[in-house]
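Right, one structure below, let's go through it.
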């Protein structure tokens with residue numbers, strides 16, 4: 001209870017309370033997460049249960065239009081799947097891939113950054129040179145390339161089941177650099193502080209010093225970076241899926257839904273594309289706003 | 304100065320070698336070219352003969368050297384999907400991508416700089432706040448969604464502009480251009496807005512923050528004290544000094560524009576290199592992927608180099624600093 005009271009009195013919560021935009025972003029983010037996580041119970045239909053699909057319901061427009069059906073609030077797609085339910089299931093895939101990719105990128109980036117900053121010398125020069133080269137190429141290109149290589153290297157059946165892992169790997173590989181650079185910078189500062197010297201004097205293993213002493217002190221900016229990275233990762237996933245090299249169509253993410261809907265844009269069935277697209281934008285915008293706010297709220301220089 | 308140029312050139316060559324090595328590894332470790340080219344009933348002796356004919360029995364480094372020699376001459380083999388030389392395919396598609404990229408960059412600069420100046424000078428007007436909010440939303444919008452929404456509004460609902468392709472093109476020498484026909488120009492509008500929008504917000508925010516920074520400096524105060532008109536202060540003194548970072552960022556973004564053209568080209572079925580690449584990824588067409596990778600690498604390295612040199616030429620302070628540091 002004490003911790004909760006301290007949080008409610010603290011200045012982070014104070015700055016949260018004062019900004020209606022941030023509160024709105026928080027509500028939307030939580031709403032998206034609940035809708036995605038609880039898709040199994042909350043979604044009005046199960047878009048993957050073939051038994052409940054009725055082709056006669058295909059291309060039903062949203063409920064408030066003339067030909068709409070109240071059972072399908074946001075209309076149906078070409079196979080009679082409820083667009084709202086498909087969005088809820090799809091955002092689950094999008095969020096999962098985004099979170100997994102950010103976690104992986106964070107673990108890899110933080111470890112390499114710690115190593116580069118603490119070990120210094122040739123290890124540092126090598127890691128940072130790789131990071132520099134990678135940073136001069138856009139991340140979407142790197143993700144595309146890794147995905148393309150995996151597609152060529154794995155047999156088709158294997159690739160379909162492994163597609164999501166490949167995607168996570170591709171997005172993570174294109175995002176680790178920023179974590180590594182941030183952590184390396186703070187590690188260089190921490191390395192010369194007395195507590196690290198003390199740990200070294202009592203003969204602790206360098207790995208133990210890096211992970212149990214230095215790591216907790218360099219983690220602050222990393223968490224803020226991760227919040228902002230989630231939005232980017234979700235967009236990268238959506239883009240790759242839209243390009244047809246992301247998750248397989250059997251488990252559509254928001255990007256896949258937009259791609260499917262794009263084929264029907266010209267025949268006037270706009271709702272199949274527009275609603276997943278709007279959901280994606282709303283979700284990413286809310287997460288980005290939260291990340292921005294968190295960065296400012298946790299930065300004592302800006303107060 | 305010369306040492307600086309040489310060092311940057313060397314770095315560029317090293318990066319290109321690394322990119323070439325990755326492209327080469329694609330050939331070597333992904334799939335077996337012999338298995339791809341021979342029928343499944345081929346004997347072991349056939350395979351061995353093929354191996355020797357292709358030079359695959361030679362040491363790794365010798366093969367890499369051959370690959371680099373061929374790549375420098377623009378020879379990347381034959382596309383597995385289309386059965387035509389990769390270099391010919393890329394040359395055919397290059398004009399479409401470059402025209403799109405330059406129009407998009409021009410759009411970003413021509414609209415972004417005035418908006419940045421306006422929002423920098425009138426930082427508290429509601430119009431400035433409006434522009435800034437819109438630009439924040441613009442950053443959260445993925446490129447492909449912008450394209451889809453533009454198509455929906457201007458091509459499907461209003462029917463003003465074409466939604467795919469380049470329109471009619473005219474061949475000038477070996478270069479096919481869409482600039483000379485009305486349909487070609489019309490076809491350029493939506494894709495270049497889609498591609499340039501992100502860069503536009505970037506340029507606008509950059510010019511705005513640089514303007515705010517510059518307007519606080521002493522020489523602007525002095526110019527005001529001398530009684531110069533606001534116009535000459537804002538555009539003659541302030542804007543000029545904001546342009547150095549704008550040049551750098553725009554230059555660096557030109558590479559990003561060419562890379563992001565992959566997405567725009569897919570949305571608008573624009574027959575450029577990006578569309579070729581994405582189809583190559585879908586079909587695991589290794590020669591095209593390798594060649595595109597090398598070409599994009601070359602473009603990026605060249606742009607980075609040119610921007611570095613330009614920076615050096617535009618900002619005299621850099622030259623002075625280096626001269627002092629180098630002890631000349």
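Residue numbers (our numbering), protein chains in the order written: chain A, 1 to 303; chain B, 304 to 631. Don't be surprised by glycine CBs; every beta carbon is placed ideally from N, CA and C.
Let me know the secondary structure DSSP gives residue 263/A once reduced to three states. coil
Cβ-based contacts, 9 Å cut-off: residues of the segment 152-164 of chain A near chain B: 152, 153
So what does DSSP say about residue 2/A, is it helix, strand or coil? helix
9 Å is my cut-off, CB to CB: does residue 273/A come that close to chain B? yes
Suppose you measure from the CA of residue 445/B to the CA of residue 9/A; what does that come to, to the nearest Å? 38 Å
Is residue 573/B helix, strand or coil by DSSP? coil
Under a CB-based cut-off of 9 Å, is residue 289/B close to chain A? Given a span of 304 to 631 for chain B in the structure shown, any question on residue 289/B remains unanswerable.
Restricting to runs no shorter than 4 residues, where is the alpha helix (DSSP H) found entirely within the segment 210-243 of chain A? 215-242
Separation of residue 266/A from residue 466/B, as counted between CA atoms: 10 Å
Beta carbon proximity, residue 147/A to chain B, threshold 9 Å: yes
With distances taken from CA atoms, which of 139/A, 4/A, 143/A is nearest residue 559/B? 139/A
Just checking, does the segment 482-502 of chain B make contact with the segment 402-421 of chain B on the three C-beta pairs under 8 Å criterion? yes
In terms of residue numbering, what span does the alpha helix (DSSP H) encompassing residue 100/A cover? 83-119
Report yes or no: do three or more beta-carbon pairs, one from the segment 593-611 of chain B and one from the segment 379-398 of chain B, lie closer than 8 Å? yes
Just checking, does the segment 525-534 of chain B make contact with the segment 426-433 of chain B on the three C-beta pairs under 8 Å criterion? no
Cβ pair count under 8 Å reaching 3, the segment 545-554 of chain B against the segment 505-514 of chain B: yes
Rounded to the nearest angstrom, how far is the Cβ of residue 21/A from that of residue 223/A, given a contact under 8 Å? No, residue 21/A and residue 223/A are not in contact; Cβ-Cβ is about 21 Å, not under 8 Å.
Determine which residues share a DSSP beta bridge with residue 381/B and list them. 388/B
Proximity to residue 423/B [Cα-Cα], best of 581/B, 582/B, 519/B: 519/B
Kindly indicate the opening and closing residues of the alpha helix (DSSP H) around residue 436/B. 429-443
Give the secondary structure of residue 497/B by DSSP, where H, G and I count as helix, E and B as strand, and everything else as coil. helix
Going by C-alpha distance, which of 95/A, 188/A, 257/A, 26/A is nearest residue 84/A? 257/A
Opposing strand residues paired with residue 474/B [DSSP bridges]: 479/B
Contact check, residue 500/B vs residue 449/B, beta carbons under 9 Å: yes
Is the CB-CB distance between residue 507/B and residue 416/B below 9 Å? yes
Minimum Cβ-Cβ distance from residue 270/A to chain B less than 9 Å: yes
Taking residue 431/B and residue 285/A to be in contact with their CB atoms under 8 Å, please state how far apart those CB atoms are, rounded to whole angstroms. That belief does not hold up - the Cβ atoms of residue 431/B and residue 285/A are roughly 20 Å apart, past 8 Å.
Chain B partners of residue 170/A, CB-CB under 9 Å? Chain B residues near residue 170/A: none, gap ~11 Å exceeds 9 Å.
Using beta carbons (cut-off 9 Å, strictly below), is residue 33/A in contact with chain B? no
Is the beta carbon of residue 132/A less than 9 Å from the beta carbon of residue 184/A? no
On a Cα-Cα basis, can you pick out the residue from 182/A, 273/A, 232/A that is closest to residue 86/A? 273/A
Going along chain B, which residues have a C-beta under 7 Å from residue 137/A? 603
Can you list, in chain order, the residues of its chain whose CB lies under 7 Å from that of residue 483/B, leaving out five sequence neighbours each side? 473
Helix or strand or just coil, what does DSSP make of residue 545/B? helix
N- and C-terminal bounds of the alpha helix (DSSP H) containing residue 426/B: Neither: residue 426/B is in no alpha helix (DSSP H) and is coded neither H nor E.
Using a threshold of 9 Å, state whether the C-beta atoms of residue 447/B and residue 371/B are closer than that. no
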